Amino acid sequence: MNPPSKTQYRRDGDTDADTERLQRYVDVLDDVLDYARERDYKGWDYGDGMSSRLLLSVPIDNRWFNLAVQEFIKRSPVNVRPLFLVEQRRNFKGITLFAMANRTRAQLAEWFDGDRPAETYRDDAESLTEWLVENQAKGYSGFAGSHRHVIQHISGRNGPRSGIPHSPNIVSTSYGVKALLAGREFDPDYPDIAKTAVDVMLNDLNYRPKDDGAVMDYYLSHPKDSYTLNALAIGARLFVELYDHFGDEELLERAEKVYDFVASKQTDRGGWYYREPASASHLSMDNHHNGFIIECFQRYEQLVGSGRYDETLERGLDFYARELFDEDGAPNFDEEHPYPRDIHATAQGILVFTYAGQYDRAERAIDWALANMYVPTEGRFYFRKHRFYTKRMTLMRWCQAWMAYAIAEYVATRISGEPTHGYGIDADGIERLRAAAERP
Numbered sequence: 058m059n060p061p062s063k064t065q066y067r068r069d070g071d072t073d074a075d076t077e078r079l080q081r082y083v084d085v086l087d088d089v090l091d092y093a094r095e096r097d098y099k100g101w102d103y104g105d106g107m108s109s110r111l112l113l114s115v116p117i118d119n120r121w122f123n124l125a126v127q128e129f130i131k132r133s134p135v136n137v138r139p140l141f142l143v144e145q146r147r148n149f150k151g152i153t154l155f156a157m158a159n160r161t162r163a164q165l166a167e168w169f170d171g172d173r174p175a176e177t178y179r180d181d182a183e184s185l186t187e188w189l190v191e192n193q194a195k196g197y198s199g200f201a202g203s204h205r206h207v208i209q210h211i212s213g214r215n216g217p218r219s220g221i222p223h224s225p226n227i228v229s230t231s232y233g234v235k236a237l238l239a240g241r242e243f244d245p246d247y248p249d250i251a252k253t254a255v256d257v258m259l260n261d262l263n264y265r266p267k268d269d270g271a272v273m274d275y276y277l278s279h280p281k282d283s284y285t286l287n288a289l290a291i292g293a294r295l296f297v298e299l300y301d302h303f304g305d306e307e308l309l310e311r312a313e314k315v316y317d318f319v320a321s322k323q324t325d326r327g328g329w330y331y332r333e334p335a336s337a338s339h340l341s342m343d344n345h346h347n348g349f350i351i352e353c354f355q356r357y358e359q360l361v362g363s364g365r366y367d368e369t370l371e372r373g374l375d376f377y378a379r380e381l382f383d384e385d386g387a388p389n390f391d392e393e394h395p396y397p398r399d400i401h402a403t404a405q406g407i408l409v410f411t412y413a414g415q416y417d418r419a420e421r422a423i424d425w426a427l428a429n430m431y432v433p434t435e436g437r438f439y440f441r442k443h444r445f446y447t448k449r450m451t452l453m454r455w456c457q458a459w460m461a462y463a464i465a466e467y468v469a470t471r472i473s474g475e476p477t478h479g480y481g482i483d484a485d486g487i488e489r490l491r492a493a494a495e496r497p
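Here it is in structure tokens:
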């Protein structure tokens with residue numbers, strides 16, 4: 058069967074303008090993936106200052122000195138990483154996003170024109186997923202993801218001072234689980250490998266009861282008297298997605314205990330502080346971390362459908378749309394400050410609004426980013442836009458991986474009619490679209 062043309066996927070009510078818009082977004086997706094592929098998916102990252110070879114050559118190992126160098130590199134208005142000899146690496150979470158975006162793009166090749174065949178994207182998705190297994194954090198209770206550079210926290214470090222750290226954290230592990238479940242067509246053992254991440258949550262990251270719910274440590278050296286709320290929500294999603302695949306009721310129970318804790322910390326305003334208690338937060342109710350939490354509640358309701366968190370989700374979405382985004386799609390940094398406008402916040406907004414079926418808001422966020430944070434001749438996104446200047450550096454995970462993933466999710470969800478959450482269009486959905494394309 059010949060693939061349907063790029064106009065044949067259309068659902069009732071779609072217009073030529075809708076089709077053209079989606080093709081334009083797919084063209085951007087292709088350019089963003091090309092940028093990453095040409096660099097072997099390696100690049101600088103948000104908090105990679107401790108990877109500076111200059112810093113490592115200094116005979117000082119002091120927490121405050123490390124923090125000063127790391128934060129200067131992170132916050133400088135221009136990219137000083139080349140001057141500090143910061144190594145460009147693959148980021149574990151970035152690779153999860155690229156793997157899922159490539160897999161989805163391979164599926165979309167049936168409906169959208171592009172310069173590369175579907176096999177290119179599928180091959181990259183397969184090799185990147187395999188890389189996650191080969192480069193997991195070793196020496197722990199099961200499958201675990203980690204940053205591939207040291208991060209200096211006030212409370213401690215997530216790895217040795219030099220070399221590649223392998224210290225698990227909830228967020229990288231959860232996205233790794235998602236990528237393995239999505240990529241199970243490449244290796245039937247991937248889901249079983251992913252399920253071993255439960256032991257990492259229980260043993261290494263200290264899953265434990267708290268306030269009629271449950272909590273975990275974001276990373277190994279996390280302070281024991283505070284809890285990072287977005288990381289907890291992402292950990293709860295790990296349990297519920299594994300429950301969806303394996304049908305293990307204990308996984309659902311563990312997920313709901315963590316979700317209960319996070320839901321209980323929602324403020325009267327509708328958003329969440331970065332940490333509980335709020336006094337432990339270095340951030341207020343910032344954009345992309347609130348987006349993480351909302352997306353995780355969306356995923357629960359999609360998979361479980363119990364209505365358990367309907368009010369939580371409704372209040373969170375209202376706060377998110379009302380206070381964290383402008384009408385033109387520009388992301389506000391938090392509930393009080395519009396700047397800096399961050400590309401990661403834009404990507405997360407695309408995801409949340411897409412999964413909520415608020416396609417107009419998702420499109421405004423994409424269009425704002427393309428107009429303000431994108432270099433079309435190079436296929437790359439900028440990091441942040443401040444009130445009077447723009448940080449024009451491109452961070453591989455923070456900018457490219459997140460926007461590739463978000464755009465792929467928008468297009469796949471838009472044409473399939475249901476949220477895809479990184480898993481692409483399922484086989485039944487593809488057959489429905491093919492059948493619709495054959496109707497006169």
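58 is the number of the first residue of the sequence shown in the working numbering; add one for each residue after it.
We treat Cβ as the ideally placed atom computed from N, Cα and C, and that holds for glycine.
Note that the structure is a prediction, hence the values are computed from the model and not measured.
### Query
Hey, quick one: how far does the alpha helix (DSSP H) through Pro174 stretch, first residue to last?
Locating residue 174 in the sequence shown gives position 117, counting from the first residue. No alpha helix (DSSP H) holds Pro174; DSSP gives it neither H nor E.
### Query
CA-CA distance, Thr227 and Asp84?
Locating residue 227 in the sequence shown gives position 170, where the first residue counts as 1. Locating residue 84 in the sequence shown gives position 27, where the first residue counts as 1. The sequence given here places Ile at residue 227; Thr does not occur at that position. Going from the Cα of Ile227 to the Cα of Asp84 covers about 33 Å.
#### Entry: Environment of Pro266 [buried if 16+ CB atoms lie within 10 Å]
By 1-based counting over the sequence shown, the position of residue 266 is 209. Classification for Pro266: exposed.
### Query
In the DSSP assignment, what residue or residues form a beta bridge with Asn226?
Within the sequence shown, residue 226 is the residue found at index 169, counting from 1. Asn226 pairs with Tyr276.
### Cα-Cα separation between Asp91 and Ala387, rounded to whole angstroms
Taking the first residue of the sequence shown as position 1, residue 91 is located at position 34. Taking the first residue of the sequence shown as position 1, residue 387 is located at position 330. Taking the straight line joining both Cα atoms gives about 26 Å.
### Query
In the structure shown, what three-state DSSP assignment does Lys448 receive?
As a position in the sequence shown, residue 448 is number 391, starting the count at 1. Of the three classes helix, strand and coil, the one that applies to Lys448 here is strand, per DSSP.
### Message
Assuming Ala404 and Met460 are in contact, meaning their beta carbons sit under 8 Å apart, how far apart are those beta carbons, in whole angstroms?
### Response
Within the sequence shown, numbered from 1, the residue matching residue 404 stands at position 347. Within the sequence shown, numbered from 1, the residue matching residue 460 stands at position 403. Indeed they touch by this definition, with Cβ atoms about 5 Å apart.
### Task
Report the three-state DSSP secondary structure of Lys195 (helix, strand or coil).
For this step, residue 195 is matched to residue 138 along the sequence shown. Coil, per DSSP.
### Task
Would you mind reading off the limits of the alpha helix (DSSP H) that contains Pro248?
Within the sequence shown, residue 248 is the residue found at index 191, counting from 1. Where Pro248 is concerned, the enclosing alpha helix (DSSP H) stretches over 247-252.
### Sub-7 Å separation of Glu144 and Ser203 beta-carbons
Stepping through the sequence shown from its first residue, residue 144 is reached at position 87. Stepping through the sequence shown from its first residue, residue 203 is reached at position 146. No, they are not a contact pair.
#### Entry: Where the alpha helix (DSSP H) through Arg311 begins and ends
Taking the first residue of the sequence shown as position 1, residue 311 is located at position 254. Per DSSP, Arg311 belongs to the alpha helix (DSSP H) from 306-321.
### Query
Can you name, in chain order, every residue of its own chain whose Cβ lies under 7 Å from the Cβ of His302, other than the five neighbours on each side?
Counted from its first residue, the sequence shown places residue 302 at position 245. The answer, listed in chain order, is Leu238, Pro248.
### Message
Based on DSSP bridge pairs, tell me the residues matched to Arg398.
### Response
Here residue 398 corresponds to residue number 341 of the sequence shown, with the count starting at 1. DSSP output for Arg398 lists Lys442 as bridge partner(s).
### Query
Skipping 5 residues on each side, what residues in its chain have a beta carbon closer than 7 Å to that of Cys353?
In the sequence shown, the residue the question calls residue 353 occupies position 296. The answer, listed in chain order, is Ala290, Ile291, Ala293, Arg294.
### Message
Let me check one thing: in DSSP terms, what residues is Lys267 bridge-paired to?
### Response
Here residue 267 refers to the residue found at position 210 when the sequence shown is read from its first residue. Answer by DSSP bridge pairing, in chain order: Gly270.
### Task
Report the three-state DSSP secondary structure of Gln457 (helix, strand or coil).
In the sequence shown, the residue the question calls residue 457 occupies position 400. Three-state DSSP puts Gln457 in a helix.
### Task
Spatial neighbours of Tyr480 within its chain, please: CB distance less than 7 Å, with the 5 preceding and 5 following residues excluded, ordered by chain position.
Position 423 of the sequence shown, counting from 1, holds the residue named residue 480. Counting only Cβ-Cβ distances below 7 Å, and skipping sequence neighbours, we find Ala239.
### Query
With distances taken between CB atoms, is the gap from Ser198 to Asn123 smaller than 7 Å?
Translated into the one-based positions of the sequence shown, residue 198 becomes position 141. Translated into the one-based positions of the sequence shown, residue 123 becomes position 66. No, Cβ-Cβ distance for Ser198 and Asn123 is not below 7 Å.
### Query
Leaving out the 5 sequence neighbours to the left and right, which residues in its chain are closer than 8 Å to Leu370 when beta-carbon positions are compared?
Residue 370 sits at position 313 when you count from the first residue of the sequence shown. These residues qualify, in order along the chain: Ile351, Phe354, Gln355, Glu358.
### Task
Could you check the C-alpha separation between Thr477 and Met273 for me, to the nearest Å?
One-based indexing of the sequence shown puts residue 477 at position 420. One-based indexing of the sequence shown puts residue 273 at position 216. When rounded, the distance between both Cα atoms is 27 Å.
### Task
Go through the segment 379-423 residue by residue and report every complete run of the alpha helix (DSSP H) that reaches 4 residues or more, in order.
400-412
#### Entry: Sheet register partners of Thr153 (DSSP bridge)
For the purposes of this step, residue 153 is identified with residue 96 of the sequence shown, where counting begins at 1. For Thr153, which the question treats as bridged, DSSP gives no partner whatsoever.
### Query
Which residues mark the beginning and the end of the alpha helix (DSSP H) in which Val297 is found?
In the sequence shown, residue 297 corresponds to position 240, counting from 1. Looking at the DSSP string, the run of the alpha helix (DSSP H) that includes Val297 is 286-303.
### Task
Could you check what DSSP says for Val89 in three-state terms: helix, strand or coil?
What you label residue 89 is simply residue 32 of the sequence shown in a count that begins at 1. In the structure shown, Val89 sits in a helix (DSSP, three-state: H, G or I).
#### Entry: Contained alpha helix (DSSP H) runs [length at least 4] in the segment 99-158, N- to C-terminal order
110-114, 120-132
### Query
Are the segment 468-477 and the segment 71-82 touching, with three or more C-beta to C-beta distances below 8 Å?
yes
### Task
From the DSSP output, in three-state form, read off Glu333 for me.
If you number the sequence shown from 1, residue 333 lands on position 276. Strand, per DSSP.
### Query
Considering only residues of the same chain and omitting the five flanking positions on each side of Arg441, which have a CB-CB separation below 8 Å?
Working through the sequence shown from its first residue, we reach residue 441 at position 384. Excluding residues within five positions, the ones whose Cβ falls inside 8 Å are Pro397, Arg398, Asp399, Ile400, Thr447, Lys448.
#### Entry: Within 7 Å, strictly: CB atoms of Leu185 and Ile152
Within the sequence shown, numbered from 1, the residue matching residue 185 stands at position 128. Within the sequence shown, numbered from 1, the residue matching residue 152 stands at position 95. Going by C-beta atoms, Leu185 is nearer than 7 Å to Ile152.
### Query
Quick one: what's got a C-beta closer than 7 Å to Leu165's C-beta in the same chain, skipping five residues either side?
In the sequence shown, counting from the first residue as 1, residue 165 sits at position 108. Cβ neighbours of Leu165 beyond the five flanking positions: Val83, Val468, Ala469.
### Task
Would you kindly check if the distance between the Cβ of Leu286 and the Cβ of Phe296 is under 7 Å?
Reading the sequence shown from its first residue, position 239 is the one you call residue 296. Reading the sequence shown from its first residue, position 229 is the one you call residue 286. Not closer than 7 Å, so no.
### Message
Cutting at 8 Å between CB atoms, please list the residues of its own chain near Glu57, excluding the five before and the five after it.
### Response
What the structure shows of the chain is the stretch from 58 to 497, and residue 57 is not part of that stretch, so it cannot be assessed.
#### Entry: Continuous alpha helix (DSSP H) stretch holding Phe349: start and end
To locate residue 349, count along the sequence shown from 1; it is residue 292. Phe349 -> alpha helix (DSSP H) spans 344-360.
### Task
To the nearest angstrom, report how far apart Leu340 and Phe390 are at their CA atoms.
As a working note, residue 340 is residue 283 in the sequence shown. As a working note, residue 390 is residue 333 in the sequence shown. Distance between the alpha carbons of Leu340 and Phe390 is about 10 Å.
### Task
Would you mind sorting Val432 into buried or exposed? The rule is 16 or more other CB atoms within 10 Å of its CB.
One-based indexing of the sequence shown puts residue 432 at position 375. Exposed, by the Cβ-count rule.
#### Entry: Cβ distance (whole Å) where Ala337 is taken to contact Ser278 below 8 Å
Here residue 337 refers to the residue found at position 280 of the sequence shown. Here residue 278 refers to the residue found at position 221 of the sequence shown. About 15 Å separates the two Cβ atoms, so there is no contact after all.
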